[in-house]
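This report refers to the structure that appears directly beneath it.
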Amino acid sequence: MNFELKNKDILQLFLGDAEVSIPDNNELGIDGYNISMPYLTHAEITGVGATFGINSEEIVEGNRLERISYITQKIIQSKKETEFLNYFLDKSKIVSRHTSEFSLYTDEELNNLVSQELKAYEKYIKRILKFSNKKLVKDTHGYTILPITNNSYTVSTVDVESKIDVNYVQRLVKHIKQSLDEASYDSLVTQCRTLIEEINVYILENNMNDYKSNGDINKQNQKVKKMLNINQKSDYDKRVNEMLGGLDKIVNAIAKMRNDYSDSHGVGSRRIKINKREAKLIMNATFTYCNYITEVYVDKREKVEKDDHNN
């Protein structure tokens, strides 16, 4: 089953909460811009469910993301992923966005513009799926999510931004660096903790069908380590075990520091001033943890895919 379709970033795209970038179109003389799918209200989300035969009374109460996530789960169970993807990646929906501009373009130019926007949505989804070793393909029936079987799939850079090519993670990395430059060290601690949690949750959500985060970063860390088989072992070199133990200390320290000292809590007299050198250490430690975890995750995904291919 393609549980990757329930990825939060993909669902936020369908909800109209995520933006994708459109490059300059020199042929039409249009500068680059950002677009998003139409914003879906609670009522419209219920309408999506009805389109696929899901009764409104059956849809769970909650925020928009929780509701569309429930609908997507039902879609996956009923094996209607292609119809679901076709629904959101429908060219006619993009055409309707440009109704007021029909007089500005020829039919060929409008088709060019719509195709460019559709490709941007497809590219966004493909980037997210690639991390789970899946790909988005289109045939005569529409869109399908399939495993990547090409041995050329590699992730060569040791950079969390490239390993998890998801807009929210990229923005977090950018904001962390920006907070360091702007001396917003309390914000940096909060952002580092959030980045670690996002990496953990991303891995867990893509490997556990019903995983729900409770915000306990230390428990997340233990689940990720167990899943990736990177717990300390008696047959490991002592120095390797010490380094693996250091991962726990990094996560625990950043989580505790965030809880005690960051801008998310009014700790009053207990607040300790964080200097630039400590902030930089926190940032680098966070990136070290995230890079290591994502590298192990991608390596294991590639190994599983290679074994499946050989068999």
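Residue numbers for the sequence shown follow my numbering, so the first one is 1 and each next one is one higher. Backbone N, C-alpha and C define an ideal beta-carbon position, used for all residues, glycine too. Note that this is a predicted model, so its numbers are computed, not measured.
Spatially closest choice to residue i from the options, by CA coordinates
i, options, result
"Ala183", "Met227, Asn214, Tyr39, Ile274", "Ile274"
"Asp24", "Asp107, Leu281, Gln116", "Gln116"
"Val137", "Thr82, Gln222, Ile22", "Thr82"
"Glu205", "Leu129, Glu242, Asn229", "Leu129"
"Asn218", "Glu61, Phe3, Gly245, Arg239", "Gly245"
"Lys276", "Tyr292, Ser187, Asp9", "Ser187"
"Glu122", "Ile10, Thr286, Asn112", "Ile10"
"Asp299", "Glu197, Gln12, Ile230, Asn112", "Ile230"
Length of the line joining the Cα atoms of residue i and residue j
i, j, result
"Leu195", "Leu172", "6 Å"
"Cys290", "Ile199", "7 Å"
"Glu295", "Ile203", "11 Å"
"Ile35", "Tyr124", "12 Å"
"Asp159", "Met283", "With a pLDDT of 48 at Asp159, under the threshold of 50, the modelled position of that residue is not reliable, and no figure is offered here."
"Tyr185", "Asn55", "48 Å"
"Lys226", "Gly215", "18 Å"
"Gln191", "Glu278", "15 Å"
"Gly53", "Asn241", "52 Å"
"Val267", "Leu104", "In this prediction, Val267 scores a pLDDT of 46, lower than 50, which makes its location untrustworthy; the coordinate-derived value is nonetheless stated afterwards. So the two alpha carbons sit approximately 58 Å from each other."
"Cys287", "Thr106", "One detail in the question is off: residue 287 reads as Phe in this sequence, not Cys. Roughly 49 Å between the two C-alpha positions."
"Lys223", "His98", "47 Å"
"Ile293", "Gly62", "31 Å"
"His42", "Ser92", "22 Å"
"Gly32", "Asn112", "14 Å"
"Ser262", "Lys238", "Interpretation of Ser262 is limited by its pLDDT of 47, a score under 50 that renders its predicted location unreliable; the figure taken from the coordinates is listed afterwards. Looking at the two C-alpha atoms, the distance is approximately 34 Å."
Contact belief for residue i with residue j at Cβ below 8 Å, rounded distance in angstroms
i, j, result
"Lys134", "Ile148", "6 Å"
"Leu118", "Leu89", "7 Å"
"Arg193", "Ile254", "6 Å"
"Lys6", "Gln77", "Actually they do not touch by this definition, with Cβ atoms about 11 Å apart."
"Tyr297", "Leu228", "6 Å"
Residue j beta carbon less than 7 Å from that of residue i
i, j, result
"Val201", "Met257", "no"
"Ile45", "Ile68", "yes"
"Asn221", "Val251", "yes"
"Val114", "Ile94", "yes"
"Glu4", "Ser96", "no"
Residue i: CB within 6 Å of a non-hydrogen atom of the ligand SAH
i, result
"Tyr39", "Among the components modelled here there is no ligand, and therefore nothing to report on the ligand SAH."
Contacts around residue i, its chain only, beta-carbon distance under 7 Å, and the 5 residues preceding and following it disregarded
i, result
"Gly49", "Ser56, Ile59, Ile71"
"Lys280", "Leu180"
Chain-order list of residues whose beta-carbon lies under 6 Å from that of residue i (same chain, five-residue window excluded)
i, result
"Pro38", "Gly16"
"Ser21", "Asn34"
"Ala120", "Val20, Ile22"
"His175", "Gln191"
"Gly142", "Thr82, Asn86"
"Thr154", "Residue placement at Thr154 cannot be trusted, given a pLDDT of 34 that sits under 50; the coordinates are not used to answer."
"Ala285", "Ile250"
"Gln12", "Ala18"
Contacts around residue i, its chain only, beta-carbon distance under 8 Å, and the 5 residues preceding and following it disregarded
i, result
"Leu40", "Phe14, Leu15, Gly16, Val48, Arg64, Ile68"
"Lys80", "Phe52"
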